[in-house]
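Protein chains in written order, with UniProt numbering: chain L, 1 to 90; chain U, 1 to 235.
A virtual CB, placed ideally from N, CA and C, is assigned to each residue, including glycine.
These figures come from a predicted structure and were not determined experimentally.
To keep things clear, I will list the structure first and then write my remarks on it.
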């Protein structure tokens, strides 16, 4: 499961089981399907987003320090280019 | 300008283990018109029940100050810092590029009450760090005792944000004054008691005041009062 949360108090913006994480040089590209409206709401908080990939025993926390997000209109998906990754147990 | 914000206007989050009174947008509470004041981004007045607390979670790009008012608070983080804070301690955690931490009430009987304040850092992607200090409780009697500063004031914990925090316990009828530089802001929070600011604005228990464009603030107590004053950058 992927959770997109606000870094200031952890408000949940989006939650999905359908996501992909690809490593590309020094970044992780996290992509997931989302409507335009919801993606635009997330964009408003792009400087303060935390993404969590939640598994049975661990969470992986990602964020983009330079707020790098892209909405792919053709495929209706949001791409987050994260440059920080931390894994911790739950 | 002095704007008094009554305690009753704060947003309250309450569950079986936590009561959190939020002065600024935080978590489920979001008001675009109430996001920050100068570099002050979060002011949460928290009470945590015995044995409960905030499990391991991340922070980034914030300077986080915790001031324990009652009971104890156990801190542990991914930097290897740990300790139990109580009244007379203040903690500054510089989250910078990111860290994980937990905050728990270690008591089996007593609730823990503390203020948690988040400040926007002077610069991004700082190396995370942690500091806690003890201050002399007696030394804040009828004076403004600095406890956190960005300018290296002796005896204070260091913050990477344009803010200096003072605590004071003012006897009933006593008056202090604070000289402010142009363009800066002040924030007053009454922990216990009541203050009259500039002989005009009453600030009661758990009320706050947001002040800007003032050269001098006169702080008079109408009863024995414990309060926090912050000198903040103007942006």
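Inset, instruction - Quick one: which residues of the stretch 122-142 of chain U get their C-beta closer than 8 Å to a C-beta of chain L? List them in chain order. - result: 124 and 125
Inset, instruction - Could you name the residues of the same chain whose beta carbon sits closer than 6 Å to that of residue 214 of chain U, not counting the 5 residues immediately before and after it, in chain order? - result: 180
Inset, instruction - For residue 27 of chain U, return the contacting residues in chain L, with the cut-off set at a CB-CB distance below 8 Å. - result: 6, 8, 9, 10 and 11
Inset, instruction - Output, in chain order, the set of chain U residues within a Cβ distance shorter than 7 Å of residue 61 of chain L. - result: 58
Legend entry - Whole-angstrom distance between residue 114 of chain U and residue 151 of chain U, CA atom to CA atom: 24 Å
Inset, instruction - Give the interface partners of residue 50 of chain L over in chain U, defined as CB-CB distance under 8 Å, in chain order. - result: 58 and 60
Legend entry - residue 29 of chain L vs residue 82 of chain L beta-carbon contact at 9 Å: yes
Inset, instruction - Give the interface partners of residue 14 of chain L over in chain U, defined as CB-CB distance under 8 Å, in chain order. - result: Within 8 Å Cβ-Cβ: nothing; residue 14 of chain L doesn't reach chain U, min ~15 Å.
Inset, instruction - Pair every Cβ in the stretch 97-116 of chain U with every Cβ in the stretch 34-49 of chain U, then say whether three or more of these pairs are closer than 8 Å. - result: yes
Inset, instruction - For my contact list, residue 132 of chain U and residue 101 of chain U are in at a C-beta cut-off of 8 Å; report their separation, rounded to the angstrom. - result: Wrong, their Cβ atoms sit about 12 Å apart, outside the cutoff.
Inset, instruction - Name the residue from U:154, U:219 and U:67 whose alpha carbon lies nearest to the alpha carbon of residue 176 of chain U. - result: U:219
Legend entry - Cutoff 6 Å; reference residue 233 of chain U; Cβ partners in own chain excluding five residues on either side: 38, 39 and 162
Inset, instruction - Check each candidate in L:75, L:69 and L:76 and name the one with the smallest Cα separation from residue 27 of chain L. - result: L:69
Legend entry - Within chain L, partners of residue 41 of chain U - CB distance below 8 Å: 8
Inset, instruction - Could you tell me whether any Cβ in chain L is nearer than 9 Å to the Cβ of residue 38 of chain U? - result: no
Legend entry - Span of the alpha helix (DSSP H), counted from its first residue to its last, around residue 91 of chain L: The structure shown does not extend to residue 91 of chain L, since chain L spans only 1 to 90, so no value can be given for it.
Inset, instruction - Starting from residue 232 of chain U, find everything on chain L with Cβ-Cβ shorter than 8 Å and list it in chain order. - result: The contacting residues do not exist; residue 232 of chain U stays about 18 Å from chain L at best.
Inset, instruction - Could you say if the stretch 13-22 of chain U and the stretch 10-19 of chain L meet the contact criterion of at least three C-beta pairs nearer than 8 Å? - result: no
Legend entry - Other residues of its chain near residue 86 of chain L: CB distance less than 6 Å, five sequence neighbours each side excluded: 61
Inset, instruction - Look at the alpha carbon of residue 302 of chain U and the alpha carbon of residue 211 of chain U, and state the distance between them as a whole number of angstroms. - result: Nothing can be reported for residue 302 of chain U: it is not among the residues displayed for chain U, which extend from 1 to 235.
Inset, instruction - Would you please verify whether the beta carbon of residue 89 of chain L is less than 9 Å from any beta carbon of chain U? - result: yes
Legend entry - Same chain, Cβ closer than 7 Å to residue 95 of chain U, five either side skipped, listed in chain order: 59, 60, 61, 62, 64 and 128
Inset, instruction - Give the straight-line distance between the Cα atoms of residue 36 of chain L and residue 73 of chain L, rounded to the nearest whole angstrom. - result: 8 Å
Legend entry - Completely contained beta strand (DSSP E) runs for the stretch 30-98 of chain U, where each covers 3 or more residues: 40-48, 53-59, 63-70, 72-77, 82-86 and 89-94
Legend entry - Residue range of the beta strand (DSSP E) that includes residue 265 of chain U: Shown here, chain U extends from 1 to 235; a query on residue 265 of chain U therefore has no answer.
Inset, instruction - Could you work out which residues of chain L lie near residue 54 of chain U, taking near to mean beta carbons separated by less than 8 Å? - result: Within chain L, no residue comes near residue 54 of chain U; the closest Cβ sits about 10 Å away, beyond 8 Å.
Inset, instruction - Measure how close the beta-carbons of residue 159 of chain U and residue 92 of chain U come, nearest whole angstrom, since I'm counting them as under 8 Å. - result: 5 Å
Legend entry - Status (buried if at least 16 other CB within 10 Å, exposed otherwise) for residue 207 of chain U: buried
Legend entry - the stretch 78-85 of chain U / the stretch 24-34 of chain U touching (three or more Cβ pairs under 8 Å): no
Legend entry - DSSP three-state assignment for residue 57 of chain L, whether helix, strand or coil: coil
Inset, instruction - Compare the Cα-Cα distances from residue 225 of chain U to each of U:170, U:185 and U:182 and report the closest residue. - result: U:170
Inset, instruction - Let me know the secondary structure DSSP gives residue 111 of chain U once reduced to three states. - result: coil
Inset, instruction - Please work out which residues of its chain come closer than 7 Å, Cβ to Cβ, to residue 191 of chain U, disregarding the five sequence neighbours upstream and downstream, and give them in chain order. - result: 69, 226, 227 and 228
Inset, instruction - State yes or no: is the beta carbon of residue 31 of chain L nearer than 9 Å to at least one beta carbon in chain U? - result: no
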